[in-house]
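Colleague:
Number of protein chains: 2
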Amino acid sequence: MEEVATPRRGAPRKTDASARERILATANELFYREGVHTTGVDTVVERSGVSKTSLYRVFRSKDELIAAFATERDRSFWSWWDRTAKRHADDPRAALEALLSGLAKLIGRPDYRGCPFLNLATEFPDPDHPGRLVARANKEEMRTRLADIVAQLGVADPERVASQMAMLMNGAMVTGIVAVPADLKDELVDAAMKLLT
Amino acid sequence: MEEVATPRRGAPRKTDASARERILATANELFYREGVHTTGVDTVVERSGVSKTSLYRVFRSKDELIAAFATERDRSFWSWWDRTAKRHADDPRAALEALLSGLAKLIGRPDYRGCPFLNLATEFPDPDHPGRLVARANKEEMRTRLADIVAQLGVADPERVASQMAMLMNGAMVTGIVAVPADLKDELVDAAMKLLT
DNA sequence: CTGAAAAGTTACCGATCTGTACCGCACGTT
DNA sequence: AACGTGCGGTACAGATCGGTAACTTTTCAG
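See the structure below:
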């Protein structure tokens, strides 16, 4: 994903990706890696090999592109979540552990740059920013799903534990930007299990 | 802190705050509330009632001002921490609870905008940015202090628990940007106590 | 073969960004 | 009264920001 795509005039060939797809793919990488404010529209244009006019034909503003970026990240996040959880459909505890282990693995990757949704909430002070709406929805959904899993485990107060679990996971994600503990996976799973008692 | 300070020519009266102090006070508020990237140098200049020339006489660049902002936040954070912990010098468990309660209280405030250090880590992709160095040091120091407290409580693996506790606290701070649970304080203290077992 | 759809080219706009040069003014000290 | 220090005023430079207008080129479907 380092190379600069080469522009091509005219409508896209059937085999080619549309301008929208190329823009979104580039924004998905750059907005995450370099930050949203740091990444200018011109950079997205240059790196995606799409003309600026095309970008503004597809997205009415940078904010709209940011919202699309957030939505795309949201989509792929739940896709990952579902794939992971479904491998343990019959065992909620194993599903939870798999989610936590998977999260730890993501955080440990060298290109890890934090949780895109928390990053959006940090980068934009306005709580009504289109990107932040997606971010908030994502976090609420995560809490809800955790409550489902936790309820299946028969803990006393699933809502509270889910809230605590969400805090822990968000904490792991954000702490991972600053410094990743050597045995993050074990620490994270262990902490989560203690929250279940 | 909403009013715009009025500029005054010449050297400051003995009673007046220096240009440096006024700049830092303004940056301390604006960088936190509106974000660092969103806040331009011109805005800091205007709001502090200091001339732009003065700002660049005191700070060589915006990055240096950001570093000073971070250092100031770090200073006041540990001041708060020490004041809180010292009220329970003889009781580490009570000290920990007080810190967590205090944190929850901070997070619940309407002007809360997240942890300034985590925000810096998010806003600046470069891990060697002067502001991020302060941020990283702050988080390492927090983990160390938590390890001290936790060790006094006689838990089995204080280093691990401290790391988990730091994750939890960072998680509370960052989750607080998105949505603050109604009974955050109880949830936080309860979660921390469960981590101690 | 034709035409609509989807894209690229060029050139630009006004605003805002960090940062600088030069000069004038007021206070505290001696 | 004189002077150094700290500061404000004005003006501007150069880059980058998000965003737009008018026009050309390519592909695909009919």
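Just so you know, the sequences run in chain order V and Y. Under our numbering, think of the first position of the first sequence as 1, with each following residue one higher. Under our numbering, think of the first position of the second sequence as 1001, with each following residue one higher. From the three backbone atoms N, C-alpha and C, an ideal C-beta is built for every residue, glycine too.
I'd like to know if V:Leu-118 contacts chain Y, where contact means its C-beta is closer than 8 Å to some C-beta of that chain.
Modeller: Interface residue, yes.
Colleague: Round the Cβ separation of V:Ala-192 and V:Met-165 to the nearest angstrom and send it over; I've been treating them as touching at under 8 Å.
Modeller: The pair is a contact, with the Cβ atoms about 6 Å apart (cut-off 8 Å).
Colleague: Out of curiosity, what's the CA-to-CA distance linking V:Ser-61 and Y:Gly-1040?
Modeller: Roughly 22 Å between the two C-alpha positions.
Colleague: Given Y:Ala-1098, which residues of its chain have a CB within under 8 Å of its CB, disregarding the five upstream and five downstream residues?
Modeller: The answer, listed in chain order, is Thr-1084, Ala-1085, Arg-1087 and His-1088.
Colleague: Going by the beta-carbon positions, is the gap between Y:Leu-1024 and Y:Ala-1068 smaller than 8 Å?
Modeller: Yes, Cβ-Cβ distance for Y:Leu-1024 and Y:Ala-1068 is below 8 Å.
Colleague: Apart from the five residues just before and just after V:Glu-187, which ones in its own chain have a Cβ nearer than 7 Å to its Cβ?
Modeller: Cβ neighbours of V:Glu-187 beyond the five flanking positions: Pro-181.
Colleague: On the DSSP letters alone, give me the boundaries of the alpha helix (DSSP H) that V:Tyr-56 sits inside.
Modeller: Here the alpha helix (DSSP H) through V:Tyr-56 covers 52 to 58.
Colleague: Pair every Cβ in the region 147 to 166 of chain V with every Cβ in the region 1119 to 1139 of chain Y, then say whether three or more of these pairs are closer than 8 Å.
Modeller: No, the region 147 to 166 of chain V is not in contact with the region 1119 to 1139 of chain Y.
Colleague: Just curious, the alpha helix (DSSP H) that Y:Ser-1101 is in, first and last residue?
Modeller: Counting along the chain, the alpha helix (DSSP H) containing Y:Ser-1101 begins and ends at 1092 to 1108.
Colleague: Of all the options V:Ser-18, V:Thr-43 and V:Asp-16, which has the alpha carbon lying nearest to the alpha carbon of V:Glu-29?
Modeller: Minimum Cα distance to V:Glu-29 is reached at V:Thr-43.
Colleague: Reducing DSSP to helix, strand and coil, say where V:Met-1 ends up.
Modeller: Legend: pLDDT at V:Met-1 = 44, less than 50; position of this residue unreliable, value from coordinates given subsequently. It is coil, neither helix nor strand.
Colleague: Would you give the residue range spanned by the alpha helix (DSSP H) that Y:Thr-1039 belongs to?
Modeller: Per DSSP, Y:Thr-1039 belongs to no alpha helix (DSSP H) and is neither H nor E.
Colleague: Does the beta carbon of Y:Glu-1187 come closer than 8 Å to any beta carbon on chain V?
Modeller: For Y:Glu-1187, the answer is yes, since a Cβ of chain V falls inside 8 Å of its Cβ.
Colleague: Give me the Cβ distance between Y:Gly-1035 and V:Pro-125, rounded to the nearest whole Å; I'm assuming they're in contact under 8 Å.
Modeller: Confirmed, about 6 Å.
Colleague: Going along the chain, which residues of its own chain have a beta-carbon closer than 7 Å to the beta-carbon of V:Val-189, five neighbours each way excluded?
Modeller: Correct list, in chain order: Glu-97, Leu-100 and Ser-101.
Colleague: Between the Cα of Y:Ala-1027 and those of Y:Asp-1016, Y:Ala-1019, Y:Leu-1065 and Y:Ser-1051, spot the shortest distance and give me the residue it belongs to.
Modeller: Out of Y:Asp-1016, Y:Ala-1019, Y:Leu-1065 and Y:Ser-1051, Y:Leu-1065 has the C-alpha closest to the C-alpha of Y:Ala-1027.
Colleague: Is it true that the CB of Y:Lys-1194 sits closer than 8 Å to the CB of V:Lys-139?
Modeller: In this structure, Y:Lys-1194 does not lie closer than 8 Å to V:Lys-139 by Cβ.
Colleague: Decide if V:Arg-109 is buried, meaning its Cβ has at least 16 other Cβ atoms within 10 Å, or exposed.
Modeller: Exposed.
Colleague: What are the boundary residues of the alpha helix (DSSP H) that includes Y:Arg-1145?
Modeller: Note, Y:Arg-1145: alpha helix (DSSP H), 1130 to 1152.
Colleague: Against chain V, which members of the region 1033 to 1046 of chain Y pass a CB distance test of less than 8 Å?
Modeller: Under the 8 Å Cβ criterion, the region 1033 to 1046 of chain Y contributes Arg-1033, Glu-1034, Gly-1035, His-1037 and Thr-1038.
Colleague: Within 8 Å (strictly less), CB to CB, does V:Arg-113 reach chain Y?
Modeller: It does; some Cβ of chain Y falls within 8 Å.
Colleague: Counting only beta-carbon separations shorter than 8 Å, does V:Lys-139 have a partner in chain Y?
Modeller: Yes, its Cβ sits closer than 8 Å to a Cβ of chain Y.
Colleague: Is Y:Asp-1190 helix, strand or coil by DSSP?
Modeller: Note: Y:Asp-1190 maps to helix in three-state DSSP.
Colleague: Are the CB atoms of V:Thr-175 and Y:Met-1167 nearer to each other than 8 Å?
Modeller: Result yes, Cβ atoms of V:Thr-175 and Y:Met-1167 sit closer than 8 Å.
Colleague: Using beta carbons (cut-off 8 Å, strictly below), is Y:Ser-1061 in contact with chain V?
Modeller: False, the Cβ-Cβ gap to chain V never drops below 8 Å.
Colleague: Using C-beta distances below 7 Å, list every residue in its chain close to V:Val-58, excluding the 5 sequence neighbours before and after it, in chain order.
Modeller: The residues are Ala-19, Arg-20 and Ile-23.
Colleague: When DSSP labels each residue in this structure, what does Y:Phe-1124 get in the three-state scheme?
Modeller: DSSP places Y:Phe-1124 in coil when its eight states are reduced to three.
Colleague: Output yes if chain Y places a C-beta closer than 8 Å to the C-beta of V:Lys-194; else output no.
Modeller: Judged by the 8 Å Cβ criterion, V:Lys-194 is in contact with chain Y.
Colleague: Does any residue of chain V have a CB that is nearer than 8 Å to the CB of Y:Arg-1136?
Modeller: Chain V, which has a Cβ nearer than 8 Å to the Cβ of Y:Arg-1136, makes this yes.
Colleague: Could you check the C-alpha separation between Y:Val-1178 and V:Val-134 for me, to the nearest Å?
Modeller: Whole-angstrom Cα-Cα distance: 11 Å.
Colleague: I want to see whether chain V comes within less than 8 Å of Y:Val-1155, judged by CB atoms only; does it?
Modeller: Chain V, which has no Cβ nearer than 8 Å to the Cβ of Y:Val-1155, makes this no.
Colleague: Within 10 angstroms of the Cβ of V:Pro-127, are there 16 or more other Cβ atoms? Answer buried if so, exposed if not.
Modeller: Exposed is the call here.
Colleague: Can you list, in chain order, the residues of its chain whose CB lies under 7 Å from that of V:His-37, leaving out five sequence neighbours each side?
Modeller: The answer, listed in chain order, is Glu-123.
Colleague: Does the CB of Y:Thr-1175 have a neighbour CB from chain V at under 8 Å?
Modeller: Chain V contact via Cβ: present.
Colleague: Quick one: residues in its chain with C-beta nearer than 7 Å to the C-beta of Y:Leu-1153, no 5 flanking neighbours on either side, listed in chain order?
Modeller: The answer, listed in chain order, is Pro-1092, Arg-1093 and Leu-1196.
Colleague: V:Thr-84 by DSSP, collapsed to three states: which one?
Modeller: Looking at V:Thr-84 - three-state DSSP - the assignment turns out to be helix.
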